[in-house]
Amino acid sequence: MGSERYMVFLSNNHKFKYYDEAKIKQYKTNFVPPTRRVDLTFPEFVKKLREWKPGDERVYLQQGLNNTVGQAIVMDFLQFNWQWLNMQQKNNNWGPLTSNLLLVGMEGNVTPVHYDEQQNFFSQLVGYKRCILFAPEHYERLYPYPVYHPHDRQSQVDFDDPDMEKFPGLKHLQGMEAVVGPGDVLYIPMYWWHQIESLPHLGNTVSVNFWYKGGPTEKIEYPLKPRQKLAIMRNVEKMLLEALREPAEVGPLLRSLVLGRYTGEEADRQEGALLSAAAPHTN
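Residue numbers for the sequence shown follow the UniProt record's numbering, so the first one is 1 and each next one is one higher.
Encoded structure:
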């Protein structure tokens, strides 16, 4: 762990909210990234970690694991219980392992509420993290950003200071909480919302994600599950974006579809029934 460089994010506060750089360029949105990225050697990162003081930018190393991260990390990575991981993959009929992410952060760092489109084994190595999870059926209550937005798959809600007037569905939100420590592995299903916090006053944290593709759908059963509906909504939104080529037109078109067709139909039926009842009847 000497001269290799690692992806490190810096933030003016404790939140490290993911954003997609490609979507900033593609859709030319008026977007200010909430964090900035630098590439540091591990000693440089550790120096920032040790010398940090209140008022400084907070730091979070988030590095994909591959053969460029150094022999020491690769050897540690090989010590994982791969037999157990492979058994879980097989028993759950998942697709292949796609990536691993090494996370080294300060106590108090928070990854705000979001969901992933892959199965995730979250392995905690050092320190303690608090994980808040919400099932896919809470999609509408978490107010996700549009698909084209750099914060795609992220909730618009600030859980430190939730705006109940702007996001009234929050009052119906129900979640689960888990605290993971060294040696724990938490399964986070695809499309499940989650917020991850390195617990304050308990030291720095080290974690590794194991991301797997979802397995093939052998048989579709109705009614569809919430996660399937979520996937459909994403695909519809992507299709409209591709067809319209203008993000600003997607929302109005969807509103027109719902308000102009479904709500309107119901209104027309009610109006027709009223007119029929009021019309004079002849024998």
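Don't be surprised by glycine CBs; every beta carbon is placed ideally from N, CA and C. If you're wondering where the values come from, they're calculated on a predicted model, not measured in any experiment.
Measure from the alpha carbon of residue i to the alpha carbon of each residue in the options, then state which is nearest.
{"i": "Leu170", "options": "Gly181, Val157 and Ser198", "result": "Val157"}
{"i": "Gln174", "options": "Val206, Pro200 and Arg141", "result": "Arg141"}
{"i": "Glu4", "options": "Pro43, Tyr27, Thr29 and His14", "result": "Pro43"}
{"i": "residue 286", "options": "Glu165, Pro33, Asn204 and Ile132", "result": "The first residue shown for the chain is 1 and the last is 283, placing residue 286 beyond what the model contains."}
{"i": "Leu40", "options": "Gly183, Asp184, Tyr60 and Pro54", "result": "Tyr60"}
{"i": "Ser207", "options": "Lys25, Thr111, Pro136 and Ser155", "result": "Thr111"}
{"i": "Arg36", "options": "Tyr27, Thr29, Ile24 and Val8", "result": "Val8"}
{"i": "Pro216", "options": "Val258, Gln89 and Asp163", "result": "Gln89"}
{"i": "Asp160", "options": "Lys23, Asn109, His138 and Asn204", "result": "Asn109"}
{"i": "Gly183", "options": "Gln195, Met164, Pro200 and Thr205", "result": "Thr205"}
{"i": "Asn66", "options": "Glu165, Ala22, Tyr6 and Asp116", "result": "Tyr6"}
{"i": "Trp52", "options": "His138, Ile220, Gly181 and His14", "result": "His14"}
{"i": "Phe134", "options": "Val180, Val38 and Ile196", "result": "Ile196"}
{"i": "Gln154", "options": "Asp116, Val179, Glu165 and Met164", "result": "Asp116"}
Who are the near neighbours of residue i in its chain, counting only those whose CB is closer than 7 Å to its CB and skipping five residues on each side?
{"i": "Asn12", "result": "Glu57"}
{"i": "Ala279", "result": "Unreliable positioning characterises Ala279 in this predicted model, as indicated by a pLDDT of 47, which lies under 50. The coordinate reading is nonetheless provided below. Taken in chain order, the list of residues that qualify is empty."}
{"i": "Asn86", "result": "none"}
{"i": "Leu230", "result": "Pro136, Tyr139 and Tyr191"}
Mind reading off the beta-carbon distance from residue i to residue j? Whole number of angstroms is fine, and I expect it under 8 Å.
{"i": "Pro189", "j": "Gln119", "result": "6 Å"}
{"i": "Thr98", "j": "Trp192", "result": "Wrong, their Cβ atoms sit about 17 Å apart, outside the cutoff."}
{"i": "Ser198", "j": "Gly105", "result": "5 Å"}
{"i": "Phe121", "j": "Tyr187", "result": "6 Å"}
{"i": "Gln62", "j": "Leu10", "result": "No, Gln62 and Leu10 are not in contact; Cβ-Cβ is about 11 Å, not under 8 Å."}
{"i": "Trp94", "j": "Lys213", "result": "7 Å"}
{"i": "Pro136", "j": "Pro226", "result": "4 Å"}
{"i": "Leu27", "j": "Pro247", "result": "Position check: residue 27 holds Tyr in this sequence, whereas Leu was assumed. Confirmed, about 5 Å."}
{"i": "Pro146", "j": "Glu237", "result": "7 Å"}
{"i": "Glu177", "j": "Arg130", "result": "7 Å"}
Excluding five sequence neighbours on each side, which residues of the same chain lie with their C-beta closer than 8 Å to the C-beta of residue i?
{"i": "Leu202", "result": "Glu107, Gly127 and Tyr128"}
{"i": "Leu244", "result": "Val250 and Leu253"}
{"i": "Ile232", "result": "Leu224"}
{"i": "Ala273", "result": "The predicted model places Ala273 with a pLDDT of 49, which falls under 50 and marks its position as unreliable; any figure quoted below should be read in that light. Result list for Ala273: empty, nothing under 8 Å."}
{"i": "Gly64", "result": "Met7, Ser99, Asn100, Leu101 and Leu102"}
Which residues in the same chain as residue i place their Cβ atom closer than 6 Å to its Cβ, once the five residues preceding and following it in sequence are excluded?
{"i": "Ser276", "result": "Caution applies to Ser276, whose pLDDT of 48 falls short of 50 and renders its modelled position unreliable; the value that the coordinates give is listed next. Nothing meets the Cβ criterion."}
{"i": "Pro33", "result": "Tyr19"}
{"i": "Pro162", "result": "Leu170"}
{"i": "Val180", "result": "Gln124, Lys129 and Leu186"}
{"i": "Leu103", "result": "Gln62 and Ser207"}
{"i": "Leu240", "result": "Val250"}
{"i": "Phe31", "result": "Ile24 and Pro150"}
Check whether the Cβ of residue i lies closer than 7 Å to any heavy atom of the ligand PLP, and answer yes or no.
{"i": "Asp152", "result": "With respect to the ligand PLP, the structure offers nothing, as it holds no ligand at all."}
Beta strand (DSSP E) runs wholly inside the region 87-165, at least 3 long, in chain order: Here the runs fully enclosed are 97-105, 110-114, 119-126 and 129-134.
Three-pair Cβ contact test at 8 Å for the region 140-153 versus the region 13-21: Judged by Cβ distances under 8 Å, the region 140-153 makes contact with the region 13-21, as three or more pairs qualify.
The region 45-54 touching the region 65-81, judged by at least three CB pairs closer than 8 Å: Note that the region 45-54 does not touch the region 65-81; fewer than 3 beta-carbon pairs, one per stretch, sit closer than 8 Å.
Complete runs of the beta strand (DSSP E) confined to the region 181-226 [at least 3 residues]: If we require 3 residues or more, the beta strand (DSSP E) runs fully inside the region 181-226 come out as 185-188, 193-198 and 205-212.
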